[in-house]
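Below: one structure, written as structure tokens.
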Amino acid sequence: MPRTSDDFFTPISGFVLPRFAGVPTFMRLPHVDFDHPRFGDVDIGLIGAPWDGGTTNRPGPRHGPRQLRDMSTMIRAQNGATGVRPFEAMNCADLGDFAPNPADVMDSLQRMTAFYTRVKTAGIRPLTGGGDHLCTLPILRALAKDGPVGMVHFDSHTDLFHSYFDGTMYTHGTPFRRAVEEGLLDPKRVVMIGIRGTAYDSEDRDFAESVGIRVIGIEEFHTRGVEDVMAEARGIVGSQETYVSYDIDFVDPAFAPGTGTPEVGGPNSYQALQVVRELAGLNIIGADLVEVSPPFDASGATAYLGASIMFELLCVMAPKP
Ligand code: MN
Ligand code: MN
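First residue of the sequence shown: 5, per my numbering; consecutive thereafter.
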């Protein structure tokens, strides 16, 4: 039976309780955990991944979900550019955080896959606030269990390296190498956008080329512009199941300094939103916004941009494709 909008969870309006007041949840939605009587009604679950066990340089994204939730209370009901009202298109709720084991990487990966398997089994599409980029691997293990999916990946890094420190296979620089090896991603339906910065070698790029992953470097991005690049990206993933993974370090550190591995010369905060709007109509099975590191985010501007990107992701996930 089709639901009426009366059945949808509604964010608390700033006219009822000012936006600086109350317990912060993602976008002021109700907290609906696995035991909640209406858990089965949720269509899109906003989830916190408070874990940075894959971080190889400056840590801190384990604190991301709290800060993203706090800054997301600034978000209102309607998209200013597209007019989309996501909370009336699908039933959205804050599912809380998965519980990591901060002292054990492999245990945390397993816990996370178990959490997201419950989410997928309930028919809920996850929108995750990280966490470092290794978090995307256990999410894909849950979502792509039945076959490989496509991916649109915004980042200044490919995260396609084989290993770190002579054989460490699970870091935030390796999740998509593992995901391709494990058959979670169809490399021919993967596009990586915004790649830049210094490197030690080209091993990641060589791997991308060898398996058919399309890498759009920042020079090409700036030369061609958002609309042209995103039209190509839509063509690569097509109408089949697609995951969207968004590393905040895609954005220039002038706008997003609060992250562990910033790279200069990136898109501005307007382009950061624009690229997501260009995903409208795709078959998006889940998305994440990762690598916000509050200890490096003195003003809170990075978390606010991150929360705003999560809202844009919600706006392209919520309407039926
Ligand atoms: Mn990344
Ligand atoms: Mn990155």
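Think of the CB as a built atom: it goes at the ideal place given N, C-alpha and C, for glycine as much as any other residue.
Computed from a predicted model, the values in this text were never measured in an experiment.
Coarse secondary structure for residue i, derived from DSSP in three states
i	result
residue 312	helix
residue 175	coil
residue 268	coil
residue 140	helix
residue 182	helix
residue 85	coil
residue 99	strand
residue 125	helix
residue 78	coil
residue 247	strand
residue 274	helix
residue 154	strand
residue 292	strand
With 16 other Cβ atoms within 10 Å as the buried cut-off, status of residue i
i	result
residue 253	buried
residue 123	buried
residue 84	exposed
residue 136	buried
residue 214	exposed
Cβ distance (whole Å) where residue i is taken to contact residue j below 8 Å
i	j	result
residue 250	residue 313	6 Å
residue 276	residue 255	5 Å
residue 116	residue 79	That belief does not hold up - the Cβ atoms of residue 116 and residue 79 are roughly 25 Å apart, past 8 Å.
residue 31	residue 315	7 Å
residue 304	residue 114	At roughly 33 Å, the Cβ-Cβ gap does not stay under 8 Å, so residue 304 and residue 114 are not in contact.
residue 141	residue 103	The pair is not a contact, with the Cβ atoms about 17 Å apart (cut-off 8 Å).
residue 73	residue 52	7 Å
Given residue i as reference, the closest of the options once Cα atoms are compared
i	options	result
residue 211	201, 228, 180	180
residue 260	190, 295, 32	295
residue 112	57, 74, 158	57
residue 46	22, 82, 93, 175	93
residue 278	110, 41, 231, 308	231
residue 197	270, 170, 134	270
residue 288	207, 323, 309	323
Any C-beta of chain C under 8 Å from that of residue i
i	result
residue 320	Note that chain C does not occur in the displayed structure, where there is just one protein chain.
Collect the residues with a C-beta less than 7 Å away from any heavy atom of ligand 1 and give them in sequence order along the chain.
137, 159, 161, 163, 176, 251, 253, 294, 295
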